[in-house]
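First to last, the sequence lines map onto chains A and B. For the first sequence, the working numbering assigns the number 240 to the initial residue and increments by one for each residue that follows. For the second sequence, the working numbering assigns the number 5 to the initial residue and increments by one for each residue that follows. Using N, Cα and C, we set each Cβ at its ideal position, and we do this for glycine too. This one's a predicted model, so the numbers in the text were calculated from it and none came from an experiment.
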Amino acid sequence: MGFFNYVMRRFALALPTLFGVSVICFTLTYLLPGNPAMVKAGPFATPEHLAEMEHQMGLDRPFPEQYYRYVSGIFKGDLGESASTGRPVSQDFLQRLPATLELNLASLLIAIVIGLPLGVLSAVHRDTLIDHIGRVVGIMGVAMPSFLTGLLFVYVFFYMLNLAPSPLGRLGPGIEPPAHITGLYVIDSLLTGNWTTLRSSLNQLMLPAATLGLSAIAPVARMVRSTMLEILESDYIKAAWAAGLPRRTVIYRDALRNALIPVITISGIVFGFLMAGNAVVESVFSWPGIGNYAVTALLTKDSAPIQSFILFVAVTCVMVNLAVDIAYGLVDPRIRFS
Amino acid sequence: MTELLEISDLTVHFEINQGAIEAVDHINLTIRRGEVLGLVGESGSGKSVTSFAILRLIRPPGRVSGSVHFDGVDLGRLSEEEMRRMRGAKIAMVSQTPRTALNPLLTVGKQISRLLMVHAGLSPREADKKMLEMLRLVRIPAPEKRAKQYPHQLSGGMCQRIMIAMALATSPQLLLADEPTTGLDVSIAAKILDLLRELSAKTGAAIMLVTHDLGVVAEICDRVAVMHAGQVVECAPVRELFHNPAHPYTKALVRSIPRVDRDVVLEPIPGSVPSLVNPPSGCRYAGRCEWVMDRCRVARPTMIEAGPGHVVACYGFEERRGTC
Ligand SMILES: Nc1ncnc2c1ncn2[C@@H]1O[C@H](COP(=O)(O)OP(=O)(O)OP(=O)(O)O)[C@@H](O)[C@H]1O
Ligand SMILES: [Mg+2]
């Protein structure tokens, strides 16, 4: 009962944030230079035609009414129309979303699989060689812009060593996508036992995921390190040493388990971080996801996709944070039982 | 027969940028089997550091020298693994902070029973049985229910009982109780102290009771060691210490105990604990002492006999005794 209330409370707290996000998103495009009616009517439209167009699109209505239409449109799944593809943005989005999810999840996995142990080791062996190496790797990962790492990876692993396939999309040439179940090629081909496709999709995924993941290793490792250090200094860890518990129990059970609670939050933050960084990486690797879509839209001043992309990233962040709060409650008895 | 614990010349330094914090300075102490020794001193006098040093749990930048013999065994010579098996099994600790010293993610029952599994090699079922027995022993009502709860669901007094149950579960010979009653209200504190005394009598465990409260000492200790700024200045049986304090610091401490039978104004101890960063040689109480002489600032007084089982380190006391 307590936990259900907790979840509902978290959910209620997310609503104002979502409202704020939608207002900001809408205001941004409202204030942005450029007239969507002009884009739609074409460069040679007469002023009368333009006014007619504005009226049709509701652009001559007061701001609150426009906002209302915009929001109710979103609830009906109407995100506007892309001027360049001529299709509803929601349709384009749905089609491209799995590609982005696959890339981001793979990157998050890489960041956690490397960053978590790195952070733990750096904390346990504080100020030793391991700690310093971890710090250098972390700084490099953050300091290198993703497009540069991406290009470097392509140059070394594709061009020089020929270990990776050409950086063009999610599957090698001539490979058929697997049957659609989740839309994530790796998972779908695993589920259907389609090994050729699995191999190809993993090959294609490798470099972009490494590029994006690399930028997130440092934040993960640093945050794990600092929470772990804090916990290693806590009273209950001191008491655990004093009670003669074996070292691996103290560090890898007691301390690490307590440190994992903040790590859940970190994953949430990092996922948001990856969402933002993914546009660049998708462009470099011609990854057919929504980041790439937004970049293309930006270059062609196609406002509906841009607006939707911002909204999407923001909503994803809010949702991920909500999920994180709930996961927190599941792991931490102090929340579960209060 | 050797004493249970013999501390000789134990010194703990913490290296920091400005020099070294001399938290514990050449202290000598013995604890006999089954006795309750009080270790008294103001905050920052090095009481907790001493307990941690006994367990060999001082980590860099801390440096320890001197020796600690437990039951005739030089703890400094044990391997890390041998030392670990001592901790919690033969020498247990009850912490200053009961609430935060329990792991928030484990039920209190599990925290006790896993120690029994580690140190006594019990099976999970046996450990649980013994754990419930311990909870009953420290008078936790409804132990089956409490055992399944998490630390944050229990009161401070309850947590301290859990800590005591945990410490005594493995029948240690020595219990280092670091201010076991801080943060508890008076009546609960009294109950915890009674419990400690009773259990030590029952199990034969000796206790080193760390506290800054002489009232607590009067209640349950057999002997008292008085610590000031990292040095032990006086050590005596408890009655002797209260009736014949020899060191000016002890005298001041005794005078500052609130008493119901005497209606006197409390006298605070003048001055404060001196800085432990690169402290001067000589007596560290010199700056606050009413008896201070030139030699006090130069050399450190050694322990001399002041009565039966009563030792003190004070030049002023030496001179005065000579004259009367
Ligand atoms: N890890 C450490 N690094 C540096 N200095 C330390 C460390 N641990 C303890 N000290 C110093 O050692 C001195 C003694 O501390 P200790 O905790 O033993 O005091 P205490 O007598 O237990 O006081 P209290 O009654 O407040 O618990 C203090 O001055 C403290 O600053
Ligand atoms: Mg202390």
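Check, Outcome
"I'd like the span of the beta strand (DSSP E) that includes B:Asn32, first residue to last.", "23-35"
"I'd like the list of long-range same chain contacts for B:Glu19, defined as Cβ closer than 6 Å, with 5 residues on each side in sequence excluded.", "Pro65"
"Rounded to a whole number of angstroms, what is the C-alpha to C-alpha distance between A:Leu423 and A:Thr256?", "29 Å"
"Give the DSSP-derived three-state secondary structure of A:Gln305 in the structure shown.", "helix"
"Does the region 84-99 of chain B come into contact with the region 468-488 of chain A, if we say contact requires no fewer than three beta-carbon pairs (one atom in each stretch) closer than 8 Å?", "yes"
"For B:Thr185, which residues in the same chain have their Cβ closer than 6 Å to its Cβ, ignoring the five residues on either side in sequence?", "Ala193, Ile196"
"List the DSSP bridge partners of A:Pro255.", "Bridge partners of A:Pro255: none, in fact."
"Sorry if obvious, but does the Cβ on B:Lys51 come closer than 6 Å to a heavy atom of ligand 2?", "yes"
"Would you mind stating whether B:Val28 and B:Leu14 have Cβ atoms separated by less than 7 Å?", "yes"
"Identify each residue in the region 469-481 of chain A for which the Cβ-Cβ distance to at least one residue of chain B is less than 9 Å, and report them in chain order.", "Ser473, Asp474, Tyr475, Ile476, Lys477, Ala478, Ala479, Trp480, Ala481"
"Compare the Cα-Cα distances from A:Ile227 to each of A:Phe397, A:Phe258, A:Arg464, A:Asn244 and report the closest residue.", "Since the first and last residues shown for chain A are 240 and 577, residue 227 of chain A lies out of range."
"So, helix, strand or coil for B:Leu61, using DSSP?", "coil"
"Which of the three DSSP states, helix, strand or coil, is assigned to A:Leu402?", "coil"
"Mind the definition here: the region 495-514 of chain A touches the region 107-126 of chain B only if three or more C-beta pairs lie below 8 Å; say whether that holds.", "yes"
"In the DSSP assignment, what are the bridge partners of B:Arg67?", "B:His17"
"Among A:Ile574, A:Ile565, A:Ile372, which residue has its Cα nearest to the Cα of A:Phe250?", "A:Ile565"
"Please say whether A:Gly241 and A:Ser385 have beta carbons closer to each other than 7 Å?", "no"
"Anything in chain B within Cβ reach of A:Pro501, meaning under 9 Å, just list it in chain order.", "Result: empty, since nearest Cβ-Cβ is about 13 Å, beyond 9 Å."
"Sorry if obvious, but does the Cβ on B:Gln100 come closer than 6 Å to a heavy atom of ligand 2?", "yes"
"Counting pairs of Cβ atoms below 8 Å between the region 528-542 of chain A and the region 554-571 of chain A, do you hit three or more?", "no"
"Among B:Ile168, B:Ala290, B:Ile11, B:Gly311, which one has its Cα closest to the Cα of B:Ala303?", "B:Ala290"
"Taking 7 Å as the threshold (beta carbon to beta carbon), is A:Pro572 in contact with chain B?", "yes"
"Go to A:Val557, then tell me how far its beta strand (DSSP E) extends in each direction, as first and last residue.", "First-last for A:Val557: 542-570, but that is the alpha helix (DSSP H), not the beta strand (DSSP E)."
"In three-state terms, what does DSSP make of B:Gln153?", "coil"
"Which chain B residues are close to A:Arg496, counting only those with a beta carbon under 7 Å from its beta carbon?", "Leu109"
"Taking the alpha-carbon of B:Gln338 as reference, which of B:Lys134, B:Val142, B:Gly113 has the nearest alpha-carbon?", "Nothing can be reported for residue 338 of chain B, as the shown portion of chain B is limited to 5 through 328."
"How is the alpha helix (DSSP H) around A:Thr450 delimited, first residue to last?", "434-471"
"Would you verify that the beta carbon of A:Asp299 is, or is not, closer than 7 Å to some beta carbon of chain B?", "no"
"Exposed or buried, which one is B:Thr6 when buried takes at least 16 other CB atoms within 10 Å?", "exposed"
"Are B:Glu39 and B:Ala210 closer than 7 Å when you measure CB to CB?", "yes"
"Is any heavy atom of ligand 1 found at a distance shorter than 6 Å from the C-beta of A:Ala536?", "no"
"Taking C-beta pairs closer than 8 Å, name the residues in chain A that B:Ser99 reaches, listed in chain order.", "Asp474, Lys477, Ala478, Ala481"
"Within 7 Å (strictly less), CB to CB, does A:Asp317 reach chain B?", "no"
"Helix or strand or just coil, what does DSSP make of A:His371?", "helix"
"Name, in chain order, the residues that DSSP records as bridge partners for B:Pro241.", "B:Arg227"
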